[in-house]
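A.B. asks:
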Amino acid sequence: MQDRSVITINNILEAARSLFIEKQYADVTLKEIAASAGVTKGALYHHFATKEDLYLHMMHHFLGQVKENTLAVVDDTQGDCCWERLYRSLLSFLQLPEDTLRVVGLVRRDINIFKDPVRHNLILAYQAALPEPLKAVMADGIAAGEMITEDARLLAWQYIGLVEVSMRPYGRQALGGPEAMADFLVNMLFRGIEAKP
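With the numbering used here as the guide, the letters of the sequence shown map in order to residues 24 to 220.
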């Protein structure tokens, strides 16, 4: 059984995630978050001193879940070919709960609200969740001769860019479900878009 404090924090984080996804950062109030979480403002302030503190904790919490998911798949697929590792990591990512996927998009939307070092730490959390594990997979692929000899970090970021664009509503409609989207994107990365004779 979970400690009441942990349950309260989780309820607050879930409510914050929903509201920050639904509205712009400036439009969300701590009063709304407390009401949505079913806690008093006092209980919310007991755990989070400010809206920024709550937002950052929420972002780090859910980006941490994405990171754990990505690392688990990357570690579990060691020894497989690069294509298969990238496919499985992307499929696993696309199968995360929709609200968790939307938190990843908040990084781009809200990053310039914050000043360093807070901004920098948020960027590092995002990088640790997605590009860094994929960079390692690509470095393995380069070393095995499965990918071109290029900067693995640059390749990982380009791949992430393809994924982010494809996750928008039009991309989801055009590409289909997680399996079809993962297959298309990994094939596009490896084989390009040139029509072969």
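For glycine and all other residues, C-beta sits at the position ideal for the given N, C-alpha and C.
Predicted model, so just to flag it, every value in this text is computed and none were measured.
1. Evaluate contact between the region 88-102 and the region 37-45, counting only Cβ atoms and requiring at least three cross-stretch pairs below 8 angstroms.
2. How many angstroms separate the CA atom of G194 from the CA atom of V126?
3. Whose CA, out of L77, D26, A66, lies closest to the CA of V251?
4. Give the DSSP-derived three-state secondary structure of T52 in the structure shown.
5. For A166, count neighbouring Cβ atoms within 10 angstroms of its own Cβ and tell me buried if that reaches 16, exposed if not.
6. Could you tell me whether the Cβ atoms of M161 and L178 are closer together than 8 angstroms?
7. Taking its Cβ as the centre, do 16 or more other Cβ atoms sit within 10 Å of R108, making it buried, or is it exposed?
8. Cα-Cα, which of E187, F213, N33, R132 is closest to L117?
9. Going straight from the alpha carbon of S59 to that of L79, what length do you get?
10. Output needed for P257: all residues of its chain with C-beta closer than 8 angstroms, excluding positions within five of it in sequence on either side, in chain order.
11. Three-state secondary structure (DSSP) at M24?
12. Just the Cα atoms here: how many angstroms apart are A12 and M82?
13. Should the region 24-35 be regarded as contacting the region 64-73, the criterion being three or more beta carbon pairs within less than 8 angstroms?
C.D. replies: So, to answer that:
1. no
2. Working through the sequence shown from its first residue, we reach residue 194 at position 171. Working through the sequence shown from its first residue, we reach residue 126 at position 103. One C-alpha to the other measures close to 18 angstroms.
3. This structure does not reach residue 251, given that the chain is present from 24 up to 220, and the question cannot be answered.
4. Looking up residue 52 in the sequence shown gives position 29. If DSSP states are grouped into helix, strand and coil, T52 belongs with coil.
5. Sequence index remark: in the sequence shown, residue 166 carries index 143 (1-based). A166 comes out exposed.
6. In the sequence shown, residue 161 corresponds to position 138, counting from 1. In the sequence shown, residue 178 corresponds to position 155, counting from 1. Taking 8 angstroms as the Cβ cut-off, M161 and L178 qualify as a contacting pair.
7. Taking the first residue of the sequence shown as position 1, residue 108 is located at position 85. So R108 ends up on the buried side.
8. Residue numbering aside, residue 117 sits at position 94 when the sequence shown is read from its first letter. Cα-wise, what sits closest to L117 is E187.
9. Your numbering for residue 59 matches position 36 in the sequence shown. Your numbering for residue 79 matches position 56 in the sequence shown. S59 and L79: Cα-Cα distance of roughly 18 angstroms.
10. Here the chain covers residues 24 to 220 and nothing more, so residue 257 does not appear.
11. For the purposes of this step, residue 24 is taken as the residue at position 1 of the sequence shown. The predicted position of M24 is uncertain, since its pLDDT is 45 and thus under 50; a value taken from the coordinates is nonetheless stated next. Coil at M24, not helix or strand.
12. The structure shown has nothing for residue 12, since the chain only spans 24 to 220.
13. yes
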